[in-house]
Amino acid sequence: MKLLKLSLLSSLVSLSMVSCYSIAQDVEDGINVSGTLRANYSYKQYSDSSKDKSGDLTFEMASVKFNGKLDDWGLSSEYRFYDGWEALRYGYAFYDYSPEWQVQIGINQVPFGNPGFISNSFWFGVPYYLGFEDDYDAGIKTVYSNNGWGTEFAFYKGAEYGASRNERYSTDLYSGQVNGTDYYNEETNQLNLRQTYAMEYEGGKTVVGASVEVGQIYNSNTGNNGDRYAVALHLDSSYKGWALQLQAMQYEYNAADALDDNKLAVSAYNWQYEIASKAQAYSINIAKTITTSWGSAKIYNDFGVVTPDVDNEDYDSSYQNVTGVALSSGPTYTMIDFIMGKNMYASTLDNGHVGLPEIGDSWDHRININFGYYF
């Protein structure tokens, strides 16, 4: 594994040198090559081994990006290499039909929720762990923008990878065994609509919007289809360095022939876990960006809660709060996060799920520092 990491890093350093030459050569046709190298430090208050070692510093990710246009046609893609696995984040061709209209074909970002992210931190917001933040699927999307109005309509045939694969960047339904339960669910035939309106004013901008998602859930064991939906209202506002994000959403998965209608499995980042099949999720994020002589610092607090709405009354809410600062200087970007979790996947010791019955009754804490170099 060490040799693999060294080889990968060496290759990417070489690629960065080549890309400088390539960019110079490709200015005329508009295709650019760029990339990222990231390392990560993690300290888990709830892990004895983490405390004994005073945390862990590891290689986190390297990526290669291709972006640009040839006349009215363009390409946008990012491929990521993690420790022991790799995945395509996105990759699509686009056509600028007019200054207001664009069509994207391939694996592109699902238009649902706050455009971009509903978080400021490296840790994402709670919608990510449910499959509704920075999600990418395979299909076609149209994008319209004019006089502050933004409309996105998309059809996705399926997720970017097969449902039995957990080596993926974004969260999707998982087909396999999790905690002794067998799941056979696959995402298919999904429609998305997001409508936004942007209001610009001196010192800032506010974007308000609403999103709708509907689709089917195919059971690969029985051949039957279930259904799913999600709706959201969202706001993203900025004023003189201050930023506020608000989002309220509801989702429901009705899987065909489910062994337990209260839950189902999803996967992301080389792992799989269970979530409540129906819930509401709320996000409240605030940030302040300060310009400095060396770059900028963004101080933020992201809070999210998932409230299950299933028949089993033993299911409990999941909470996540991330307080942090993002430091930007030249080609570097560092995020320092203090994460608090309660009954929340990736933030707690015994509760590797979202919205299921809680084991114990406490908040767990961890510190995460992500160092990134962008070339």
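In mature numbering (1 follows the signal peptide of the UniProt record, and there is no 0), the protein residues as written are -24 to -1, 1 to 351. In this text, a Cβ means the ideal position worked out from N, Cα and C, and glycines have one as well.
Cα separation between Y(-4) and H329?
Position 21 of the sequence shown holds residue -4. Position 353 of the sequence shown holds residue 329. Only weak support is given to the placement of Y(-4): the predicted model assigns it a pLDDT of 36, under 50, and the value that follows is read from those uncertain coordinates. Straight-line Cα distance between these residues: approximately 46 Å.
To the nearest angstrom, report how far apart Y66 and R56 are at their CA atoms.
Start at 1 with the first residue of the sequence shown, and residue 66 comes out as number 90. Start at 1 with the first residue of the sequence shown, and residue 56 comes out as number 80. So the alpha carbons of these two residues sit roughly 10 Å apart.
Please work out which residues of its chain come closer than 6 Å, Cβ to Cβ, to Y249, disregarding the five sequence neighbours upstream and downstream, and give them in chain order.
Position 273 of the sequence shown, counted from the first residue, corresponds to residue 249. Counting only Cβ-Cβ distances below 6 Å, and skipping sequence neighbours, we find Y321, G328 and H329.
Neighbour-count burial assignment, residue 359, 16 or more Cβ in a 10 Å radius:
For residue 359 there is no data in the structure shown, the boundaries of the chain being -24 and 351.
With 16 as the cutoff for other CB atoms within 10 Å, does G185 come out buried or exposed?
Within the sequence shown, residue 185 is the residue found at index 209, counting from 1. Buried, because 16 or more other Cβ atoms sit within 10 Å of the Cβ of G185.
Cβ separation of V188 and L211, assumed to be a contact under 8 Å, to the nearest whole Å:
Position 212 of the sequence shown, counting from 1, holds the residue named residue 188. Position 235 of the sequence shown, counting from 1, holds the residue named residue 211. Not really, about 17 Å apart at Cβ, beyond 8 Å.
If you draw a straight line from the alpha carbon of L33 to that of G348, how long is it in whole angstroms?
Locating residue 33 in the sequence shown gives position 57, counting from the first residue. Locating residue 348 in the sequence shown gives position 372, counting from the first residue. Distance between the alpha carbons of L33 and G348: 13 Å.
Would you kindly report the start and end of the unbroken alpha helix (DSSP H) that includes L332?
The residue you call residue 332 lines up with position 356 of the sequence shown. Per DSSP, L332 belongs to no alpha helix (DSSP H) and is neither H nor E.
Considering only their Cβ atoms, is the gap separating F35 from S52 smaller than 8 Å?
Residue 52 sits at position 76 when you count from the first residue of the sequence shown. Residue 35 sits at position 59 when you count from the first residue of the sequence shown. Against a cut-off of 8 Å, the Cβ pair of F35 and S52 comes out as no contact.
Could you work out which residue in G336, N288, I251 and L106 is closest to K318 when comparing CA atoms only?
What you label residue 318 is simply residue 342 of the sequence shown in a count that begins at 1. Closest option to K318, Cα to Cα, is G336.
Count the CB pairs spanning the region 146 to 158 and the region 235 to 252 that are closer than 8 Å, and state whether there are at least three.
yes
For S213, the nearest candidate out of D236, A206, Q78 and L222 (CA to CA)
Within the sequence shown, numbered from 1, the residue matching residue 213 stands at position 237. Among D236, A206, Q78 and L222, the Cα nearest to that of S213 belongs to L222.
Rounded to whole angstroms, what's the CA-CA distance from N96 to S121? Just pull it up for me.
As a first step, residue 96 is located in the sequence shown; it is residue number 120 there, counting from the start. As a first step, residue 121 is located in the sequence shown; it is residue number 145 there, counting from the start. Going from the Cα of N96 to the Cα of S121 covers about 25 Å.
Using three-state DSSP, classify S25 as helix, strand or coil.
The residue you call residue 25 lines up with position 49 of the sequence shown. In the structure shown, S25 sits in a helix (DSSP, three-state: H, G or I).
In whole angstroms, give me the CA-to-CA distance for E162 and S305.
Here residue 162 is taken as the residue at index 186 of the sequence shown, counted from 1. Here residue 305 is taken as the residue at index 329 of the sequence shown, counted from 1. Roughly 42 Å separates the two Cα atoms.
With 16 other CB atoms within 10 Å as the buried threshold, where does M175 fall?
Reading the sequence shown from its first residue, position 199 is the one you call residue 175. It is exposed - the Cβ of M175 has fewer than 16 other Cβ atoms within 10 Å.
Assuming the contact rule is C-beta atoms closer than 8 Å, V102 and S293 should be a hit. Round their C-beta distance to whole Å, please.
As a position in the sequence shown, residue 102 is number 126, starting the count at 1. As a position in the sequence shown, residue 293 is number 317, starting the count at 1. The Cβ separation is near 10 Å, so there is no contact.
Spatial neighbours of I275 within its chain, please: CB distance less than 6 Å, with the 5 preceding and 5 following residues excluded, ordered by chain position.
What you label residue 275 is simply residue 299 of the sequence shown in a count that begins at 1. Taken in chain order, the residues that qualify are K264 and V301.
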